[in-house]
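Asker:
2 protein chains.
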Amino acid sequence: MELLDFGKVLADETRQKIMKVCCCQKLTVSEIVAQIDVTQPTVSHHLKVLRDAGLVLTERRGKEIYYSLNQKKVVSGCCALADTFAPDMPLEIIRKE
Amino acid sequence: MELLDFGKVLADETRQKIMKVCCCQKLTVSEIVAQIDVTQPTVSHHLKVLRDAGLVLTERRGKEIYYSLNQKKVVSGCCALADTFAPDMPLEIIRKE
DNA sequence: TTGACATATAGATGAACATCAATATATAAT
DNA sequence: ATTATATATTGATGTTCATCTATATGTCAA
């Protein structure tokens, strides 16, 4: 089940913090570590989990690797959740540019 | 963080199965047990988790207690997720009655 | 090639949690 | 009151997983 993976990714505080900080910008691992109270290996571990779930995009520049949240994937996950567990709810417009 | 609880609830396969079966109908604990491959205490445990998160509605009728998924809460959780982790995405209309 | 820096991986440890059997509580019927 | 049925709770057990330290890998500069 795809939704199970989505849920598992969201079930950790550190992971949600990482998602939040690289939500709207590209950050290196070091920059993420600087903003969160865990060690670098721990951040790398969570980035791997996020990467495996397709929830994060990466871009190498020299020694550094930039990470950013894949907002599109977040939305598709949310939609899948709503479709599965709230099929009777009219969702209307949630946000529009 | 509210979102963390939402994620944790979603992070278990049995819980997702329970959510699915009582998504669009009221079911007793026994009826849920009959549809899922775990014991009654395990189902009760998960129903408690769901209840504490406000994700399930209950209704007592005699000896039996009917459970049904709170779809409204599911949607508000999905919206909170999108607002937090996908603020740049235009969500448009997802579904409409 | 050597050294410095950025990130990833391996292995160990502890905590959180899903599950079960056993038992308790609640409700209804006789 | 007693019995039967439905659900909840308790306590034990095993597994999953987050975290750390130590180390490996990768990249660039001198």
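In order, the protein sequence lines correspond to chains A and B.
Just so you know, the numbering used here puts 348 at position 70 of the first sequence, and the rest follows in order with no gaps.
Just so you know, the numbering used here puts 307 at position 29 of the second sequence, and the rest follows in order with no gaps.
Virtual Cβ for every residue (Gly too), placed ideally from N, Cα, C.
Thinking C-beta only, is V334 (chain A) closer than 8 angstroms to S346 (chain A)?
Answerer: Within the first sequence, residue 346 (chain A) is the residue found at index 68, counting from 1. Within the first sequence, residue 334 (chain A) is the residue found at index 56, counting from 1. In this structure, V334 (chain A) lies closer than 8 angstroms to S346 (chain A) by Cβ.
Asker: By a C-beta neighbour count over all protein chains shown, 10 Å radius and 16 as the cutoff for buried, is A364 (chain A) buried or exposed?
Answerer: To locate residue 364 (chain A), count along the first sequence from 1; it is residue 86. Looking at its Cβ environment, which holds 16 or more other Cβ atoms inside 10 Å, A364 (chain A) is buried.
Asker: Give, in chain order, every residue of the stretch 340 to 373 of chain A whose Cβ lies closer than 8 angstroms to some Cβ of chain B.
Answerer: Of all residues in the stretch 340 to 373 of chain A, L347, Q349, K350, V352, V353, G355, C356, C357, L359, A360, D361, T362, F363, A364, P365, D366, M367, P368, L369, E370, I371, I372, R373 have a Cβ within less than 8 angstroms of some Cβ in chain B.
Asker: Quick one: what's got a C-beta closer than 6 angstroms to D283 (chain B)'s C-beta in the same chain, skipping five residues either side?
Answerer: In the second sequence, residue 283 (chain B) corresponds to position 5, counting from 1. A331.
Asker: Any chance you could list the alpha helix (DSSP H) runs of at least 4 consecutive residues sitting entirely within the stretch 333 to 364 of chain B, in chain order?
Answerer: Listed in chain order, the complete alpha helix (DSSP H) runs (minimum 4 residues) inside the stretch 333 to 364 of chain B are 349 to 363.
Asker: Quick one: which residues of the stretch 313 to 342 of chain B get their C-beta closer than 7 angstroms to a C-beta of chain A? List them in chain order.
Answerer: The residues in question: there are none.
Asker: Helix or strand or just coil, what does DSSP make of T317 (chain A)?
Answerer: On the first sequence, position 39 is the one that residue 317 (chain A) refers to. If DSSP states are grouped into helix, strand and coil, T317 (chain A) belongs with coil.
Asker: Do the stretch 295 to 308 of chain B and the stretch 336 to 353 of chain B touch if we need at least three Cβ pairs shorter than 8 angstroms?
Answerer: They touch, by the three-pair rule.
Asker: Residues of chain A with CB under 9 angstroms from K286 (chain B), in chain order?
Answerer: By one-based count along the second sequence, residue 286 (chain B) stands at place 8. Those are G285, L288, A289, D290, listed as they occur along chain A.
Asker: I need the straight-line Cα distance from G285 (chain B) to V353 (chain B), nearest angstrom please.
Answerer: Stepping through the second sequence from its first residue, residue 285 (chain B) is reached at position 7. Stepping through the second sequence from its first residue, residue 353 (chain B) is reached at position 75. Roughly 13 angstroms between the two C-alpha positions.
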